[in-house]
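K.L.:
Structure provided below as structure tokens; questions to follow.
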Amino acid sequence: MKTNTLTKPGTYKTLALLLLLIGPAFLLFLLFVVMPVVQAGYYSLFNWNGIGPLTKFRGLQNFGLIFQDQVFHTALINNLKIVAISLFIQLPMAFGLALLLGRNKFRGEAFLRSIFFFPYILAEIVTGIIWRFIYHPQFGVPTILSKLFTENGGEIGLLGDPSLAFGAILVVIVWKYLGFHMIIYIAGLQSVPKELEDAAVVDGANKIQVIRHVIIPSMKSSFIISIFLSIIGSFNIFDVVWALGQGGPVHSTETLVTYLYNFGFRRFSFGYGSAVAVTLFGICFVFNLFYQRFIVSEGRHGKN
1 MKTNTLTKPG TYKTLALLLL LIGPAFLLFL LFVVMPVVQA GYYSLFNWNG
51 IGPLTKFRGL QNFGLIFQDQ VFHTALINNL KIVAISLFIQ LPMAFGLALL
101 LGRNKFRGEA FLRSIFFFPY ILAEIVTGII WRFIYHPQFG VPTILSKLFT
151 ENGGEIGLLG DPSLAFGAIL VVIVWKYLGF HMIIYIAGLQ SVPKELEDAA
201 VVDGANKIQV IRHVIIPSMK SSFIISIFLS IIGSFNIFDV VWALGQGGPV
251 HSTETLVTYL YNFGFRRFSF GYGSAVAVTL FGICFVFNLF YQRFIVSEGR
301 HGKN
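Its first residue numbered 1, the sequence shown is counted upward by one per residue in the UniProt record's numbering.
Here it is in structure tokens:
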């Protein structure tokens, strides 16, 4: 009884302190995350142009129209392409650069790190403007190379060709975010004990084996963070794609967010746009549940 009497005041104080600290953050979370999602879900049930009262109730018809729209299918496939390129090309390249620039000391190492990280510092719109000049059909790099190395070289308008435009945008996305993931991996490399690598070398392991059996397992938390940010970023990407193609030509560069903007806000179909936003939120939410359940929990069990 004495123990309960003594611990209750302390428990109440701890609870009060937690409420004091968590309360403001939780309130902001409700205001800026939960309420907009709930409000978007409500708007998605109406045919609303953003002006006046919500009177034209449509139920789930907006969602039905979304999944019947071929442009939405194109946008979803394009987002999945970004995810695939990010996971299987961008992240391995970033890890390779991290191994090169994070473990080997040589003159100019810091400069090279800065060069690779610099694109990430640029605003997305600025990045888009720069690459529009690089891809310019009259004086852009592809046109110059075509005229230099081919007999009948002519103008190459990558962003104007529906079959090439999205591939050109994928190159820009890899270029821009490569350095960010490189820095994540360099930070992870700093936490790998050098003694483990030395012990593996003494046991006869070569460089590939050291990377595979020592460095990669020790950097699991860095990979978890990098993969999560890469996938979520791939679904939410907008500015770079918009600056380069605005979803065109012929909707070939449409992504889920540009689709939302083009078919929701530019056409004043806010009910339909809200349905797209809810769909995008649902995709990210399901991925997050899967990620937390299988990837993060597996990483924790691996540590234990």
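The beta carbon of each residue, even a glycine, is placed where N, CA and C say it ideally should be.
#1: Going along the chain, which residues of its own chain have a beta-carbon closer than 6 Å to the beta-carbon of I156, five neighbours each way excluded?
#2: Indicate whether G179 and P217 have their beta-carbon atoms separated by less than 8 Å.
#3: Report yes or no: do the region 270–288 and the region 43–50 share at least 3 C-beta pairs separated by less than 8 Å?
#4: When the Cα atoms are used, what is the spatial distance from G233 to L256?
#5: Are G160 and P137 touching if we call contact CB-CB under 8 Å?
#6: Return the residue from the list R293, I283, V278 and L289 that minimises the CA-CA distance to F63.
#7: Can we say the region 242–252 touches the region 125–132, given the rule of at least three CB pairs closer than 8 Å?
#8: With DSSP run on the structure shown, which of helix, strand or coil describes F285?
#9: Counting along the chain, where does the alpha helix (DSSP H) carrying S252 start and finish?
#10: Tell me the DSSP bridge mates of F26?
#11: Can you determine whether any heavy atom of the ligand SAH sits closer than 7 Å to the C-beta of Q292, and answer yes or no?
#12: Looking at G264 and V276, is the spacing between their C-beta atoms short of 8 Å?
#13: If you draw a straight line from the alpha carbon of G247 to that of W175, how long is it in whole angstroms?
#14: At the level of alpha carbons, what is the spacing between L148 and F166?
#15: Quick check: the Cα distance between S191 and F72, rounded to an integer number of angstroms?
#16: Just the Cα atoms here: how many angstroms apart are Y261 and A123?
#17: Can you give me the start and stop residues for the alpha helix (DSSP H) that V214 sits inside?
#18: Identify the continuous alpha helix (DSSP H) that holds P36 and give its terminal residues.
#19: Are residue 309 and H181 closer than 8 Å when you measure CB to CB?
#20: Kindly indicate which three-state DSSP category F149 falls into: helix, strand or coil?
#21: Leaving out the 5 sequence neighbours to the left and right, which residues in its chain are closer than 8 Å to K2 when beta-carbon positions are compared?
#22: Answer yes or no: do L87 and I227 have a C-beta to C-beta separation smaller than 8 Å?
#23: Give me the residue from N288, L21, G41 and V33 with the minimum Cα distance to L229.
#24: Since L189 and G102 should fall inside the 8 Å C-beta cutoff, what is the C-beta to C-beta distance between them, to a whole number of angstroms?
#25: Return the bridge partner residues of F46 from the DSSP annotation.
#26: So what's S222 in DSSP terms, helix, strand or just coil?
#27: Which whole runs of the alpha helix (DSSP H) in the region 67–144 are 4 residues long or more, in chain order?
#28: Determine, using beta carbons only, whether A84 and Y185 come nearer to each other than 8 Å.
P.N.:
In terms of the structure at hand:
#1: The beta carbon of I156 sits closer than 6 Å to the beta carbons of P142, T143 and S146 from its chain, once the five residues preceding and following it are set aside; these are given in chain order.
#2: Result no, Cβ atoms of G179 and P217 do not sit closer than 8 Å.
#3: Remark: three or more beta-carbon pairs, one from each stretch, lie closer than 8 Å, so the region 270–288 and the region 43–50 are flagged as touching.
#4: The straight-line gap from Cα to Cα measures roughly 12 Å.
#5: Cβ distance < 8 Å, so G160 and P137 count as in contact.
#6: Minimum Cα distance to F63 is reached at V278.
#7: Three or more Cβ pairs closer than 8 Å define a contact, and the region 242–252 meets that threshold against the region 125–132.
#8: Reduced to three states, the DSSP call for F285 is helix.
#9: It is not in any alpha helix (DSSP H) - S252 carries neither H nor E in the DSSP assignment.
#10: According to DSSP, residue pairing for F26 in a beta bridge does not occur.
#11: Among the components modelled here there is no ligand, and therefore nothing to report on the ligand SAH.
#12: The Cβ-Cβ distance between V276 and G264 falls below 8 Å.
#13: Their backbone Cα atoms lie some 20 Å apart in a straight line.
#14: In this model, L148 and F166 are separated by some 25 Å (Cα to Cα).
#15: So the two alpha carbons sit approximately 43 Å from each other.
#16: C-alpha separation (whole angstroms): 20 Å.
#17: Bounds of any alpha helix (DSSP H) do not take in V214, whose DSSP letter is neither H nor E.
#18: Following the DSSP letters along the chain, one finds P36 inside the alpha helix (DSSP H) bounded by residues M35 to Y43.
#19: Only positions 1 to 304 of the chain appear in the structure, and residue 309 is not among them; the question remains open.
#20: DSSP places F149 in helix when its eight states are reduced to three.
#21: Unreliable positioning characterises K2 in this predicted model, as indicated by a pLDDT of 48, which lies under 50. A coordinate reading is not provided.
#22: In this structure, I227 lies closer than 8 Å to L87 by Cβ.
#23: Of N288, L21, G41 and V33, the residue nearest in Cα terms is N288.
#24: Taking a contact as a CB-CB distance under 8 Å, the pair L189 and G102 counts as one, their CB atoms being some 4 Å apart.
#25: DSSP, once it has assigned bridges, lists F57 as partnering F46.
#26: Helix.
#27: 70–85, 91–103, 109–121 and 124–134, all fully within the region 67–144.
#28: One thing to note: A84 has its Cβ no nearer than 8 Å to the Cβ of Y185.
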